[in-house]
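What follows is a single structure, written as structure tokens, with notes after it.
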Amino acid sequence: MAALCESFTLCGLGPSAGVGLGGGLLALEPGPDPDHVLLTDRGRTATLFKVSDQKPLGCWSVKHGQIITCPVVCNFETHEYIAVHDDKVLRIWKDKDINLDKVFKATLSADVYRIHSLPNGGPVVLFKRGGVRTLDVLLEAPQQEIENIISDEVIKWSEAFMEGQQPVLIFTTEKDGDFFVYVQKLKMNSLHKYKLEQQELSKPLSFTAYIKNHVITLLCLCSNDAVYKVLIPLQQNTEEEEQILSKSLLLNLSVSGSALKGTSFVVLDKDHIAVLGSLAASGEESKECLTIWNTKFQTLQTSKELPLGTSGQLWCYEEKFFFTHGKVLTVIMYKCETSSLAAAVGKLKDSQTPDVSSFVNWNTLGDEELVVSLQSQQPVALKSESKMTLRSKRNTVAKVQPDALSVGQLLRSLKDAPTPVFEDELRQLMSKPQMPDFQATIGCVLTALINRCKTNPKYYPQNLLLQIVQTRDLSYSLCPDLMTVALEKKDLYLLQNCLQRFPDIPEEITYACLKTFLSISDDHLQKIDVNLESVLCYIDIEFTNKEVKTEIVENGFSAELEQDSWDTKITKKTHLTADGDFCPVGPQKAALLNSVLHSAYSEMFLLPHLKNLPAQQAVLFLRYLYYLYVKCSEKINTALPGVRSPTINQIMDWMCLLLDAHFTVMVMLPEAKELLSNLHKFVRAQVRFYSELNKIEGSLRELQRLNHQKDFQTYSIEVLELI
Numbered sequence: 001m002a003a004l005c006e007s008f009t010l011c012g013l014g015p016s017a018g019v020g021l022g023g024g025l026l027a028l029e030p031g032p033d034p035d036h037v038l039l040t041d042r043g044r045t046a047t048l049f050k051v052s053d054q055k056p057l058g059c060w061s062v063k064h065g066q067i068i069t070c071p072v073v074c075n076f077e078t079h080e081y082i083a084v085h086d087d088k089v090l091r092i093w094k095d096k097d098i099n100l101d102k103v104f105k106a107t108l109s110a111d112v113y114r115i116h117s118l119p120n121g122g123p124v125v126l127f128k129r130g131g132v133r134t135l136d137v138l139l140e141a142p143q144q145e146i147e148n149i150i151s152d153e154v155i156k157w158s159e160a161f162m163e164g165q166q167p168v169l170i171f172t173t174e175k176d177g178d179f180f181v182y183v184q185k186l187k188m189n190s191l192h193k194y195k196l197e198q199q200e201l202s203k204p205l206s207f208t209a210y211i212k213n214h215v216i217t218l219l220c221l222c223s224n225d226a227v228y229k230v231l232i233p234l235q236q237n238t239e240e241e242e243q244i245l246s247k248s249l250l251l252n253l254s255v256s257g258s259a260l261k262g263t264s265f266v267v268l269d270k271d272h273i274a275v276l277g278s279l280a281a282s283g284e285e286s287k288e289c290l291t292i293w294n295t296k297f298q299t300l301q302t303s304k305e306l307p308l309g310t311s312g313q314l315w316c317y318e319e320k321f322f323f324t325h326g327k328v329l330t331v332i333m334y335k336c337e338t339s340s341l342a343a344a345v346g347k348l349k350d351s352q353t354p355d356v357s358s359f360v361n362w363n364t365l366g367d368e369e370l371v372v373s374l375q376s377q378q379p380v381a382l383k384s385e386s387k388m389t390l391r392s393k394r395n396t397v398a399k400v401q402p403d404a405l406s407v408g409q410l411l412r413s414l415k416d417a418p419t420p421v422f423e424d425e426l427r428q429l430m431s432k433p434q435m436p437d438f439q440a441t442i443g444c445v446l447t448a449l450i451n452r453c454k455t456n457p458k459y460y461p462q463n464l465l466l467q468i469v470q471t472r473d474l475s476y477s478l479c480p481d482l483m484t485v486a487l488e489k490k491d492l493y494l495l496q497n498c499l500q501r502f503p504d505i506p507e508e509i510t511y512a513c514l515k516t517f518l519s520i521s522d523d524h525l526q527k528i529d530v531n532l533e534s535v536l537c538y539i540d541i542e543f544t545n546k547e548v549k550t551e552i553v554e555n556g557f558s559a560e561l562e563q564d565s566w567d568t569k570i571t572k573k574t575h576l577t578a579d580g581d582f583c584p585v586g587p588q589k590a591a592l593l594n595s596v597l598h599s600a601y602s603e604m605f606l607l608p609h610l611k612n613l614p615a616q617q618a619v620l621f622l623r624y625l626y627y628l629y630v631k632c633s634e635k636i637n638t639a640l641p642g643v644r645s646p647t648i649n650q651i652m653d654w655m656c657l658l659l660d661a662h663f664t665v666m667v668m669l670p671e672a673k674e675l676l677s678n679l680h681k682f683v684r685a686q687v688r689f690y691s692e693l694n695k696i697e698g699s700l701r702e703l704q705r706l707n708h709q710k711d712f713q714t715y716s717i718e719v720l721e722l723i
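With the UniProt record's numbering applied, the sequence shown corresponds to residues 1 to 723, in that order.
And the structure:
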């Protein structure tokens, strides 16, 4: 039995993806860790992603004018990355390297088709003319002559395996409609060429292969909607040049009279394959979908519609499918169990098919796909049993019983419902006790609300959206369009709640929120409802934003001792002083900025966006960070009072990040000069103070040790002299 499980978005692929994947995806390869994948775009960039966190770990690009011409791979033995740009230029680098111009470079004598990296065999380089070298041999003499194995043939596909300690490379070529298969054993330096049996009205579209018991099983996805199997034994003693390989039918890709036009496929185990393609029923428009088939019993196990379209590419690593869907790279987990007849026809007693997957890429779902995505985990036979039909289509939506419908069917039936009925039904759905996969159901509800906002610009259920975000444990990936719509509507309160609660907000969205918060005037913000919990304890809300008069225990910083460091004048302009005594923004804006400071980010991918922040907004943000830094330093525990107040580490990290992004501009701005000078003096005073503390650290530890040794039974006064 096979089933599709959770799905989520790994990254965007459009021009605003922020990770260099705007040109489309060339290939996806495994990274140095099972949870890592390497993405190569159709341009000049390679990106390393951690799949479980959906976060990029590194991004490398060749210079403008250069193009990466084959997928970047990882050398699993050395944990280095290998790329080829402009067909012949080899680059090798490590994680710590940033500039590819400064890493190892070698210019080869022939054009490279692809590099295959084997876990125990090292990288193997296949050249476009059929020559093969291991990377170690190639690096000994990069300009060595590479033999031409093929002349007029064009390589269509290649793969490498380990047979014991022996690397084996297989690749297919085409010439004038004929297909050929080459098998090369590198250590034995033996090469065998075969011709693939031709069939009328059947042309190979895609290949995949695996090796077992010294036999290569080559699978061909053909244009006649079928998958064929070819067996190639490795123990070949004959020197016959062109043996003809016969094909045997493995699977017909048809179900209920509909044929699947496959574009790519992968092998999951000995009984299951996954096929990506278009399912075309007679008289209906074809729909792209991902399918899993049981080759043993010739049955379709499960499928998922992909209405936004794909690139036709499918990859599979660590029980996860990777494919493009619209403008994002989608990941779907799957499971395959031991094949049995009961499982193949959906009658396995222990099989349980949840109504909603735990994680669904709601950003890529259209209205029609909501139903498909929620039921895509069910085997075909089970689906026919579980489908419910309405007794009368003339009944109003309000009379539909949610208990009788799946979540997807209910949402589809509410598509054109009046707004009061629509919202009331959604509230009832969310109030159901003990609903399975509740988090994914909430994702469905959010998607339905956001889709209605898109189709009807005048509709925006602010209170309902806010209620869902505040009362449910959600994440950005459950409904990526939520914050985008909130930014368009300038719903600052909802954005603040999302920033405080969502753990996986992309850096691009974090920057968009920051820019929006800084661009709105304090006078306008006073009219907007904002959560002020994070600023109540250190900004006076009532009296025109003057400071709250609280008793302050100074953290080693004395105005008298550092009088020379604080001789700047406070400007008369409200909130825009540069010495840190007064808050440069109002309490509403301060609370919104605090929510940005709390959001998680990757410095590497936030910095490019921060560089686009207007100079005046950058200076204002730095003034506020400086103000927070001064307030933290006034307290012994270097922590701001209040709920969700920024920590000293968050403040310092953002200050450093902002200065990295705008230092050159700030140095040249007259209004930032005084601020930078005061910031420098204050940091210098803090460093001086902590240096003095370090000098008496040993004495303080000794004092603490002595106090632990003594047992004071009665009241006593003891004087200790520190020398």
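Ideal Cβ placement from N, Cα and C applies to all residues, glycine included. Only a predicted model underlies this, so the values are computations on that prediction, with no experimental measurement involved.
Boundaries of the alpha helix (DSSP H) in which Ala512 is found, first to last residue: Glu507 to Ser519
Less than 8 Å between the C-beta atoms of Val62 and Leu100, yes or no? yes
If you draw a straight line from the C-alpha of Glu507 to the C-alpha of Gly31, how long is it? 23 Å
For Leu592, which residues from the same chain have a beta carbon less than 7 Å from its beta carbon, with the 5 sequence-adjacent residues on both sides left out? Leu492, Gln496, Phe517 and Val530
Excluding the 5 residues flanking Thr107 on each side, which residues of the same chain have their C-beta closer than 8 Å to its C-beta? Lys88, Val89, Leu90, Pro142 and Gln143
Does the ligand HEM have a heavy atom nearer than 7 Å to the CB of Asp653? This structure does not include the ligand HEM; it has no bound ligands of any sort.
Please name the residue, chosen from Val275, Glu318 and Ser223, that lies closest to Thr299 on a Cα-to-Cα basis. Val275
Within 10 angstroms of the Cβ of Leu700, are there 16 or more other Cβ atoms? Answer buried if so, exposed if not. exposed
Look up Asp235 in the DSSP assignment and say whether it is helix, strand or coil. For clarity, residue 235 is Gln in the given sequence; the question names Asp instead. In the structure shown, Gln235 sits in coil (DSSP, three-state: anything other than H, G, I, E or B).
Counting only the same chain and skipping the five closest in sequence on each side, list residues whose C-beta sits under 7 Å from that of Glu197. Ile244, Leu245, Ser246 and Lys247
Do Leu658 and Leu625 have their C-beta atoms within less than 8 Å of each other? yes
Could you give the distance in angstroms between the alpha-carbon of Thr208 and the alpha-carbon of Val267? 7 Å
Quick one: what's got a C-beta closer than 8 Å to Asp225's C-beta in the same chain, skipping five residues either side? Asn252, Leu253, Ser254, Ala259, Leu260, Lys261 and Gly262
Simplified DSSP state of Phe321, which is helix, strand or coil: strand
Would you be able to state if there are at least three C-beta pairs under 8 Å between the region 655 to 672 and the region 680 to 698? no
Below 6 Å CB to CB, which residues in the same chain sit around Gln165 once its five sequence neighbours on both sides are set aside? none
In the DSSP assignment, find the alpha helix (DSSP H) that holds Ala661 and state where it starts and stops. Ile648 to Met668
Nearest to Tyr511 by CA position, among Leu693, Ser595, Thr173 and Asp176, is which residue? Ser595
On the CB-based measure, 16 or more other CB atoms within 10 Å of its CB, does Ile651 come out buried or exposed? buried
Taking only three categories from DSSP, how would you classify Arg501? helix
For Leu532 versus Pro587, is the C-beta distance shorter than 8 Å? yes
Segment limits, alpha helix (DSSP H) that includes His192: Looking at the DSSP string, His192 is not in any alpha helix (DSSP H); the run it does join, the beta strand (DSSP E), is Ser190 to Leu196.
Taking the alpha carbon of Pro71 as the point to measure from, which residue in Gln184, Pro123, His64 and Phe104 has its own alpha carbon closest? Pro123
Please classify Glu140: does DSSP put it in a helix, a strand, or coil? helix
Spell out whether any CB of chain D is found under 8 Å from the CB atom of Thr78. Here chain D cannot be found, since the structure has a single protein chain.
Short check: CB of Val331 to CB of Phe8, under 8 Å? yes
Quick one: what's His85 bridged to in DSSP? Ile68 and Val89
Once the 5 residues before and after Leu39 are set aside, which same chain residues still bring their CB inside 6 Å of it? Leu28 and Thr47
Reduced DSSP category for Val619 - H, G, I as helix; E, B as strand; rest coil: helix
Let me check understanding here. Comparing Cα to Cα, which of Leu234, Glu318, Gln313 and Thr302 lies closest to Tyr194? Leu234
Reference Ser52; option with closest CA among Lys185, Ser278 and Pro503: Pro503
Let's see if you can read the secondary structure: which residues bound the alpha helix (DSSP H) around Met604? Glu603 to Leu610
So what does DSSP say about Asn284, is it helix, strand or coil? Note on residue identity: the sequence assigns Glu, not Asn, to residue 284. Looking at Glu284 - three-state DSSP - the assignment turns out to be coil, as it is neither helix nor strand.
What residues in its chain sit with their C-beta under 7 Å from that of Pro119, if we drop five residues either side in the sequence? Phe76
Whole angstroms are fine: how far does the CA of Lys128 sit from the CA of Asp111? 6 Å
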